[in-house]
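Enquirer: Residue numbers (our numbering), protein chains in the order written: chain U, 1 to 332; chain Z, 333 to 664; chain C, 665 to 1000; chain B, 1001 to 1336. Got a structure for you, questions after.
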Amino acid sequence: MTTADTLLDGAPSEHVMELLRGMIRIRRFEEKCAELYSATKIRGFLHLYIGEEAIAVGVMAALSPADAVVATYREHGHALARGVAMDTIMAEMYGKQEGCSRGRGGSMHLFDAATRFYGGHAIVAGGLPVAVGLALADAMQKRPLVTACFFGEGAAAEGEFHESLNLATLWSLPVVFLCENNLYAMGTALTRSESQVDIHLKAGSYGLRSEQVDGMDVVAVENAARGAVERARMGEGPQFLELRTYRFRAHSMFDPELYRDKAEVESWKSRGPIATLKTRLEQAGYLSDDDLVAMDSQVDEEIARAVAFAEAGTWEPISDLGRDVYTPRSQS
Amino acid sequence: MTTADTLLDGAPSEHVMELLRGMIRIRRFEEKCAELYSATKIRGFLHLYIGEEAIAVGVMAALSPADAVVATYREHGHALARGVAMDTIMAEMYGKQEGCSRGRGGSMHLFDAATRFYGGHAIVAGGLPVAVGLALADAMQKRPLVTACFFGEGAAAEGEFHESLNLATLWSLPVVFLCENNLYAMGTALTRSESQVDIHLKAGSYGLRSEQVDGMDVVAVENAARGAVERARMGEGPQFLELRTYRFRAHSMFDPELYRDKAEVESWKSRGPIATLKTRLEQAGYLSDDDLVAMDSQVDEEIARAVAFAEAGTWEPISDLGRDVYTPRSQS
Amino acid sequence: MSNGVPGNDPVRVTYRDAVREGIRQALNDDPRVFIMGEDVGLYGGCYAVTKGLLAEFGPDRVRDTPLSESTFVGAGIGAALGGMRPIVEIMTVNFSLLAMDQIVNTAATLRHMSGGQFSIPLVIRMATGAGRQLAAQHSHSLEGWYAHIPGIRVLTPATLEDARGMLATAIEDPDPVLIFEHSGLYNMEGELPSDAGPVDIDRAVVRREGADVTLITYGGSLGKTLDAAEQLARAEIHSEVVDLRSLRPLDDATIMQSVARTHRAVVVDEGWRSGSVSAEISARIMEQVFYDLDSPVARICTEEVPIPYAQHLEQAALPQTEKIVALVQAMVASHG
Amino acid sequence: MSNGVPGNDPVRVTYRDAVREGIRQALNDDPRVFIMGEDVGLYGGCYAVTKGLLAEFGPDRVRDTPLSESTFVGAGIGAALGGMRPIVEIMTVNFSLLAMDQIVNTAATLRHMSGGQFSIPLVIRMATGAGRQLAAQHSHSLEGWYAHIPGIRVLTPATLEDARGMLATAIEDPDPVLIFEHSGLYNMEGELPSDAGPVDIDRAVVRREGADVTLITYGGSLGKTLDAAEQLARAEIHSEVVDLRSLRPLDDATIMQSVARTHRAVVVDEGWRSGSVSAEISARIMEQVFYDLDSPVARICTEEVPIPYAQHLEQAALPQTEKIVALVQAMVASHG
Ligand SMILES: Cc1ncc(C[n+]2csc(CCOP(=O)(O)OP(=O)(O)O)c2C)c(N)n1
Ligand SMILES: Cc1ncc(C[n+]2csc(CCOP(=O)(O)OP(=O)(O)O)c2C)c(N)n1
Ligand SMILES: [Mg+2]
Ligand SMILES: [Mg+2]
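Spelled out as structure tokens, the structure:
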């Protein structure tokens, strides 16, 4: 596993501070979402990313604006880190037409054309073939772009994982597969779902380049992602990163969490990506309490604005119900 | 790769002669089928096994009568080697109600309860999950039985291959996966369908025991199959054999064969499983011309009887069309 | 079989409990029965239906599977062929599309392709339906769509008794049975005779009698339809409510007897309108009792749009009591 | 767009050639177009539709895929999102069940889930239908079943002109279009104007005019239905034959105008009867022109059995000219 210190030594502290800010921003946003869920402002399924922020933040830092992103139903962090406006994300969770999916998608289906954020897929592994196709389109059009495809380790058991890794490797397509291995698929531990629990080895068997990364270390994630993205961009074919992480919260708001014990959760929390980086930055003397206070209040303001935006948002008229099933001929 | 000589030295020649007879029986049967197809006695798709006989014959020799078998649409050889009566197979190809599937299945869907021959699956890789389930049933009922599951290398790209190998290994089920690697899936060469062309390595990545075997050597196949079957029976979990072979004929009767050159076909034919074994037996002094003549005429008689049986067979009354969609309540 | 007459000691349960009891009973009564699916064990089931069963019956008979819909459904087929009586749980109907090949190409055809040599006593349960703001990949109602496929049975329990009893009957069935449980029903509470057991699955049932119009429905729409009938009764319009219970096969007799009496029919179906089971019912009514009809059979279905997340849009897309009431009033008025 | 008036130099072609010409034209006209699927390249296509295209356009635009239906269909979705105009070939409708998740959960919903931000200009072609003794895993007619799904279009070319023209129009369509080519039609020969191009895909077409009964059909059943109309004409029964062409959306206007004139309708559909598109058409006719009907709409569909191998059983299971003739004669007789 790569460690951060190489980069932290002499790395532009502003940049690392930005990474920290990005993670805090996601953390606070989702804590607010949990609150709003209890207040029934947000409905449906809500899957929190809390604990895994280093992955989205580190990977997005390695992408260019024109690259494509495909994510899962646990994608608030990815959308935020990718640059989808927080207020439109919050409005989407409210179901308002100012939302990034006009209220049609909700928490599990965030989309944004401006940042090439292709969702928000709630069928486990369903996003992988789509990502392969996006990369195929870039390759056929000779665009030096990559497609970042996020999914959980649970997806590795699905047939679409197998077919997609094979096709991407066979056709040498610029896809960066990002497996967020948080050890559980709902209540199913990796050991109870995979005969080969080393996901990065499993992926390697397709003949693509595969690495295991400490998903709790945002700098390590960015380093690994930069390498993978550049290799894919340079035509070295698909890349696979297994990012070892942990879900601090329940799978969704309905999960009694009978399948893992508190001690395990606590031990992972103790090495949470935000706390760890804070400490390191403080020790390295980059981060003062004032910086933190400033960061927090800045983030809290943005969140407050997003909530206000969502609250002020409007309901799409019911007369529009039939919209967007097909493309209006005018648009085609 | 195991070689035959170990066994041939001092091996009961009667047994090896039986293997030879089994292969000739399949070869002649299918040559007759091709004839009958041109005569339009047999219709639909007809996939010949010619060139691959050593696999079905060698593997079936290693199974016990109570074991289960799952095969593909290229399964005449498997049905014959398993002991499904030749006359009912031929009647099935004719579409007569005396056929082993009562004329409902045809060439691609041979079934036989008496020999636990579970078909006859024409969806590539579709038989693998079924085989896993049959093995699960045996395991749960504590029966010391194995399920032999045959499929081509083209199936390895399908999601069901991935899911089935994982589940069988995870649950340590007594399945013997038999991949008949004839290098082509219709017109698609292995190199154009798999990023990992070494199928036995690919299978091994699931953590099950995997071997590559010379599928042109019936004795080598039987040896490898005996080992795999015994290990599975003893509770060592699923086993995988990649059997290297070659299809001497077109994929089906509609195939123009534009995708492979004659030279390649000829070089494989030169090491055909029947010719090779004949030579070896002759050299070892086990096989005389008289033996061969006797064998051929015996086989030809059986085939003639099968054709006569099929010709004499009857058409199921059209009034029975709705039969066997559901089980009659009496039977349940 | 229970004929719906309550036993002596009714117990208060939810639809969820009723399904669980059906599964428990089956596991207790028949050693060949086992259940498998994603998170049915340690997690307790995504809708908590199987909660407690792992502790009671152990991991051999309550099996958590990897995320591999096609293969654990196919393994259910194989296990059934091998003498077991598997219950396979698919979390949500949309995920069953990943297993469509095994269900349609194998489970539905194998008995036929084998000339009747092999039956597949497999039960596949899944949650279906909208109403919980789960959007376009978790909310569809495809049970009527599955009813197109010969070789399988399609059941839609709408009551506590059916939630428990259909499971028992399905397990005794020699062929593949798909059971669709509307996710909006799991919390429905009521009394169930503690001795509730298998129920007949061949017949539709008249849940309310009435002479003016026949309202035909199933599953998650039964409640809305009964509410509509209640409201209509206040306006002196008396509806007969038929609960189909089985979408394949359909019980034509019960439907036609009712429509022949009322001369009017409305089908309420949470499936998308085009090509829904409501279309089949409408077509059959025309074919069988055309000359008894006072007005064309009407349909209230889900609007033909992937289910939207926003609550007001989702509700607008679904059949609703008010829509039923309004349509029936107009129908009766125009052809009084 | 071509209005079906032949050009000056008609050429003799098969349905197979017509589809191939449509694909060739598209590959020539638009650099964003490419085709992928199993054996579309070196092998020339399992039905020889794509024969020669690899040599002409090269492996970048004529792509052989591994056996991975779900993923190459999903890759088609992604490629369409990425600005290409993919044509995905699935060998046979039964294999499309392996890609059902991508088609129904993603292709049909993504535009809606994204609030209209992303369209998916994807064309999926596949062979459908029975009649060649390919039995229960290669012979079904699920095009009417797919027509239940909002978000996709379903086309069924029954003529040479449509075989060629629908492909062109489908490629211009911004949304996913499924084209079902009946395998029994590939060898059908006839004249096609060499300048044949895109055709309208919104309207059904009256293939034969008649005043006594409307025969509604599509795809592989059009020929049988026209033959039946011919035989009926000799008995002085004049049938109007409507070729639906598009199963989703359905062109109600053309259907209703005809039925309002003839007062009788028969739907001929190779799909299994229950829940077939014929049921939807029957229901719509009742809803829209009930009072114009002299007799109930009748349906001739495939018997509800997986397609058997034996030729006499397979043919008995399918709609046939004689069945159509007999049914129409009885219908007209009983309600002359
Ligand atoms: C095909 C499919 N099957 C089942 C589900 C239900 N489900 C939603 S999330 C989930 C667990 C996925 O775990 P993993 O891939 O590890 O991602 P994580 O939730 O841990 O981030 C399951 C089973 C689904 N959405 N799609
Ligand atoms: C799911 C599916 N896709 C496509 C086909 C069409 N098809 C039939 S056989 C075949 C090639 C299979 O090759 P392989 O698995 O290597 O077996 P082989 O024919 O070489 O014995 C294909 C593509 C099919 N039957 N099922
Ligand atoms: Mg996980
Ligand atoms: Mg092969």
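Each residue gets a CB set at the ideal place from its N, CA and C atoms; glycine is no exception. Note that the structure is a prediction, hence the values are computed from the model and not measured.
Is DSSP giving histidine 15 of chain U helix, strand or coil here?
Expert: Residue mapping note: residue 15 of chain U aligns to position 15 of the first sequence, counting from 1. Histidine 15 of chain U: helix per DSSP, three-state reduction.
Enquirer: Could you tell me which chain C residues have their CB closer than 9 Å to the CB of arginine 563 of chain Z, listed as they occur along the chain?
Expert: Here residue 563 of chain Z corresponds to residue number 231 of the second sequence, with the count starting at 1. Within 9 Å Cβ-Cβ: nothing; arginine 563 of chain Z doesn't reach chain C, min ~20 Å.
Enquirer: Of all the CB atoms in chain U, is at least one closer than 9 Å to the CB of threonine 608 of chain Z?
Expert: By 1-based counting over the second sequence, the position of residue 608 of chain Z is 276. Judged by the 9 Å Cβ criterion, threonine 608 of chain Z is not in contact with chain U.
Enquirer: For lysine 202 of chain U, return the contacting residues in chain Z, with the cut-off set at a CB-CB distance below 7 Å.
Expert: In the first sequence, residue 202 of chain U corresponds to position 202, counting from 1. Those are Ser537, listed as they occur along chain Z.
Enquirer: Go ahead and label threonine 1254 of chain B buried or exposed: buried means 16 or more other beta carbons lie within 10 angstroms of its beta carbon, across all protein chains shown.
Expert: In the fourth sequence, residue 1254 of chain B corresponds to position 254, counting from 1. By the 10 Å Cβ count, threonine 1254 of chain B comes out buried.
Enquirer: Helix, strand or coil for glycine 1058 of chain B per DSSP?
Expert: As a working mapping, residue 1058 of chain B is identified with position 58 in the fourth sequence. Reduced to three states, the DSSP call for glycine 1058 of chain B is coil.
Enquirer: Should isoleucine 650 of chain Z be labelled buried (16 or more other beta-carbon atoms within 10 Å of its own) or exposed?
Expert: Sequence index remark: in the second sequence, residue 650 of chain Z carries index 318 (1-based). The residue in question, isoleucine 650 of chain Z, is exposed, as its Cβ has fewer than 16 Cβ neighbours within 10 Å.
Enquirer: Exposed or buried, aspartate 1101 of chain B, counting other C-beta atoms within 10 Å across all chains shown (16 or more means buried)?
Expert: Here the question's residue 1101 of chain B lines up with position 101 in the fourth sequence. With 16 or more Cβ atoms within 10 Å of its Cβ, aspartate 1101 of chain B is classed as buried.
Enquirer: Give a yes or no on whether the minimum CB-CB distance between proline 144 of chain U and chain B is below 9 Å.
Expert: Reading the first sequence from its first residue, position 144 is the one you call residue 144 of chain U. No - not a single Cβ of chain B is within 9 Å of the one on proline 144 of chain U.
Enquirer: Could you check whether the Cβ of glycine 491 of chain Z sits closer than 9 Å to any Cβ belonging to chain U?
Expert: In the second sequence, counting from the first residue as 1, residue 491 of chain Z sits at position 159. Yes - at least one Cβ of chain U is within 9 Å of the one on glycine 491 of chain Z.
Enquirer: Does the beta-carbon of histidine 379 of chain Z, which I'm using as the reference point, lie nearer than 8 Å to any heavy atom of ligand 5?
Expert: Absence of ligand 5 from the depicted structure is noted, with ligand 1, ligand 2, ligand 3 and ligand 4 being the only ligands included.
Enquirer: Indicate, with yes or no, if ligand 1 has a heavy atom lying under 8 Å from the CB of methionine 764 of chain C.
Expert: The residue labelled residue 764 of chain C in the question sits at position 100 within the third sequence. No, Cβ of methionine 764 of chain C sits at least 8 Å from all heavy atoms of ligand 1.
Enquirer: Do you know offhand how far arginine 680 of chain C's Cα is from valine 713 of chain C's?
Expert: What you label residue 680 of chain C is simply residue 16 of the third sequence in a count that begins at 1. What you label residue 713 of chain C is simply residue 49 of the third sequence in a count that begins at 1. Looking at the two C-alpha atoms, the distance is approximately 5 Å.
Enquirer: The alpha helix (DSSP H) spanning alanine 306 of chain U covers which residue range?
Expert: Within the first sequence, numbered from 1, the residue matching residue 306 of chain U stands at position 306. From DSSP, the alpha helix (DSSP H) with alanine 306 of chain U extends over 289 to 312.
Enquirer: Does any C-beta atom of chain C lie closer than 9 Å to the C-beta of glutamine 571 of chain Z?
Expert: In the second sequence, counting from the first residue as 1, residue 571 of chain Z sits at position 239. No, because no Cβ of chain C sits closer than 9 Å to the Cβ of glutamine 571 of chain Z.
Enquirer: Quick check on histidine 441 of chain Z: does DSSP put it in helix, strand or coil?
Expert: Along the second sequence, read from residue 1 onward, the residue named residue 441 of chain Z stands at position 109. Here histidine 441 of chain Z sits in coil by DSSP.
Enquirer: Less than 8 Å between the CB of glycine 1041 of chain C and some heavy atom of ligand 3, yes or no?
Expert: Outside the modelled stretch of chain C, which goes from 665 to 1000, sits residue 1041 of chain C, for which no answer is possible.
Enquirer: In whole angstroms, what is the alpha-carbon distance linking isoleucine 55 of chain U and methionine 216 of chain U?
Expert: Here residue 55 of chain U corresponds to residue number 55 of the first sequence, with the count starting at 1. Here residue 216 of chain U corresponds to residue number 216 of the first sequence, with the count starting at 1. Cα to Cα, isoleucine 55 of chain U sits roughly 7 Å from methionine 216 of chain U.
Enquirer: According to DSSP, is methionine 333 of chain Z helix, strand or coil?
Expert: Residue mapping note: residue 333 of chain Z aligns to position 1 of the second sequence, counting from 1. Residue placement at methionine 333 of chain Z is flagged as unreliable, the pLDDT there being 37, under the threshold of 50; the coordinate-derived value follows with that caveat. Of the three classes helix, strand and coil, the one that applies to methionine 333 of chain Z here is coil, per DSSP.
Enquirer: Less than 9 Å between CB atoms is the rule here; does phenylalanine 1034 of chain B satisfy it with respect to chain Z?
Expert: The count along the fourth sequence starts at 1 and reaches residue 1034 of chain B at position 34. Answer no: the Cβ-Cβ gap between phenylalanine 1034 of chain B and chain Z never drops below 9 Å.
Enquirer: I'd like to know whether the C-beta atoms of aspartate 728 of chain C and methionine 748 of chain C end up nearer to each other than 9 Å.
Expert: By 1-based counting over the third sequence, the position of residue 728 of chain C is 64. By 1-based counting over the third sequence, the position of residue 748 of chain C is 84. No. Outside cutoff.
Enquirer: Would you say the beta carbon of leucine 183 of chain U is closer than 8 Å to some non-hydrogen atom of ligand 3?
Expert: If you number the first sequence from 1, residue 183 of chain U lands on position 183. At least one heavy atom of ligand 3 is nearer than 8 Å to the Cβ of leucine 183 of chain U, so yes.
Enquirer: How far does the beta strand (DSSP E) with arginine 1085 of chain B in it reach, from first residue to last?
Expert: What you label residue 1085 of chain B is simply residue 85 of the fourth sequence in a count that begins at 1. Unbroken beta strand (DSSP E) run through arginine 1085 of chain B: 1085 to 1092.
Enquirer: Would you call glycine 884 of chain C buried or exposed, if buried means 16 or more other Cβ atoms sit within 10 Å of its Cβ?
Expert: For the purposes of this step, residue 884 of chain C is taken as the residue at position 220 of the third sequence. It counts as buried.
Enquirer: Residues in the same chain with beta-carbon distance under 6 Å from proline 840 of chain C, minus the five sequence neighbours each way, listed in chain order, please.
Expert: Mapped onto the third sequence, residue 840 of chain C falls at position 176. Result list for proline 840 of chain C: Ala771, Ile784, Leu786, Ile816, in chain order.
Enquirer: Which first and last residues belong to the alpha helix (DSSP H) in which serine 252 of chain U is found?
Expert: If you number the first sequence from 1, residue 252 of chain U lands on position 252. Looking at the DSSP string, serine 252 of chain U is not in any alpha helix (DSSP H), and its letter there is neither H nor E.
Enquirer: Residues of chain C with CB closer than 7 Å to the CB of glutamine 473 of chain Z, please, in chain order.
Expert: If you number the second sequence from 1, residue 473 of chain Z lands on position 141. What glutamine 473 of chain Z touches in chain C: Gly747.
Enquirer: Assuming leucine 63 of chain U contacts alanine 148 of chain U under a Cβ cut-off of 8 Å, what Cβ separation, rounded to an integer in Å, is found between them?
Expert: Taking the first sequence and counting its residues from 1, one reaches residue 63 of chain U at position 63. Taking the first sequence and counting its residues from 1, one reaches residue 148 of chain U at position 148. Going by Cβ atoms, the distance from leucine 63 of chain U to alanine 148 of chain U rounds to 6 Å, so yes, they are a contact pair.
Enquirer: Using the C-alpha atoms, what's the distance from histidine 410 of chain Z back to glutamate 1038 of chain B?
Expert: Position 38 of the fourth sequence holds residue 1038 of chain B. Position 78 of the second sequence holds residue 410 of chain Z. Straight-line Cα distance between these residues: approximately 26 Å.
Enquirer: Residue range of the beta strand (DSSP E) that proline 129 of chain U falls in?
Expert: Residue 129 of chain U sits at position 129 when you count from the first residue of the first sequence. Note, proline 129 of chain U: premise wrong, no beta strand (DSSP E); alpha helix (DSSP H) at 127 to 140.
Enquirer: Can the beta-carbon of arginine 104 of chain U be found closer than 9 Å to that of alanine 974 of chain C?
Expert: Translated into the one-based positions of the first sequence, residue 104 of chain U becomes position 104. Translated into the one-based positions of the third sequence, residue 974 of chain C becomes position 310. Their beta carbons are under 9 Å apart, which means arginine 104 of chain U touches alanine 974 of chain C by this criterion.
Enquirer: Below 8 Å on the Cβ atoms is my guess for tyrosine 882 of chain C versus leucine 911 of chain C; work out the distance and round it to an integer in Å.
Expert: Counting from 1 along the third sequence, the entry for residue 882 of chain C is found at position 218. Counting from 1 along the third sequence, the entry for residue 911 of chain C is found at position 247. Contact holds; Cβ gap of about 7 Å.
Enquirer: Along chain B, which residues have their Cβ under 8 Å away from the Cβ of serine 847 of chain C?
Expert: Within the third sequence, residue 847 of chain C is the residue found at index 183, counting from 1. Going along chain B, no residue has its Cβ under 8 Å from serine 847 of chain C, so there is no contact; the nearest lies around 17 Å.
Enquirer: Rounded to the nearest angstrom, what separates glutamate 720 of chain C and valine 704 of chain C at their Cα positions?
Expert: Here residue 720 of chain C refers to the residue found at position 56 when the third sequence is read from its first residue. Here residue 704 of chain C refers to the residue found at position 40 when the third sequence is read from its first residue. Roughly 13 Å between the two C-alpha positions.
Enquirer: Report back the beta-carbon spacing between serine 1258 of chain B and threonine 1225 of chain B to the nearest angstrom; my notes put them in contact at under 8 Å.
Expert: Position 258 of the fourth sequence, counted from the start, is the residue given in the question as residue 1258 of chain B. Position 225 of the fourth sequence, counted from the start, is the residue given in the question as residue 1225 of chain B. 13 Å between Cβ atoms; not a contact.
Enquirer: If you measure from the CB of glycine 152 of chain U, is any heavy atom of ligand 3 nearer than 8 Å?
Expert: The residue labelled residue 152 of chain U in the question sits at position 152 within the first sequence. The answer is yes for glycine 152 of chain U.
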